[in-house]
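Presented below is the structure to which this report refers.
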């Protein structure tokens, strides 16, 4: 009789061992993910560029304006305020800047208003920052940020 009970327990033991093995594998994967997961800003920018869904407000390509005022601006909303890129674009146009593109960035890697510049465009970035109240971070454009290639990207998160 005892032999019958032992055979009935065998499937339960096999199931328990299988569950234990799966738990060990998941624990190992979690440990590896936690140990190797670091914050790499360049990688985040590359991901942001890949995820960007820019909805164009105008069809003109960014570049030097015909009036010679410097490069055109591209305003991207990376925050949660709907219509922020359009508001900022209108404000900049009223102050004499030419905005060639507006859109949204679907990324969480920007926590403050940021203006990227290429070599020769730093003074334009500084003028844009002053026009917006001076609170924007002015940074050299990372190689991974490919949007607005010929212009000055203005990334807005908040007013």
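Numbering (my numbering), first residue to last: 32 to 190.
We put the CB at the ideal spot given by N, CA and C, even for glycine.
Check	Outcome
For residue 167, three-class secondary structure by DSSP	coil
Whether residue 131 touches residue 182 by CB criterion (8 Å)	yes
Sequence-distant residues of its chain with Cβ nearer than 7 Å to residue 167 (five each side left out)	144, 145, 146, 160
CA-to-CA distance, residue 67 to residue 51, given in whole angstroms	24 Å
Straight-line Cα distance separating residue 186 from residue 123	13 Å
Residues that DSSP places opposite residue 145 in a beta bridge	168, 186
With 16 other Cβ atoms within 10 Å as the buried cut-off, status of residue 54	exposed
For residue 148 and residue 155, believed in contact at Cβ under 8 Å, the rounded distance	7 Å
Alpha-carbon to alpha-carbon, residue 49 and residue 178	49 Å
Opening and closing residue of the alpha helix (DSSP H) in which residue 123 lies	115-125
Pairwise C-alpha distance: residue 174 and residue 190	27 Å
Pairwise C-alpha distance: residue 59 and residue 106	44 Å
Run of the alpha helix (DSSP H) containing residue 140, from where it starts to where it stops	Residue 140 -> no alpha helix (DSSP H), and no H or E assigned at all.
Selection from 171, 108, 64 that minimises the alpha carbon distance to residue 133	108
Rounded straight-line distance, which links the Cα of residue 163 to that of residue 116	12 Å
Reference residue 172, options 113, 152, 135, 165, closest by Cα	152
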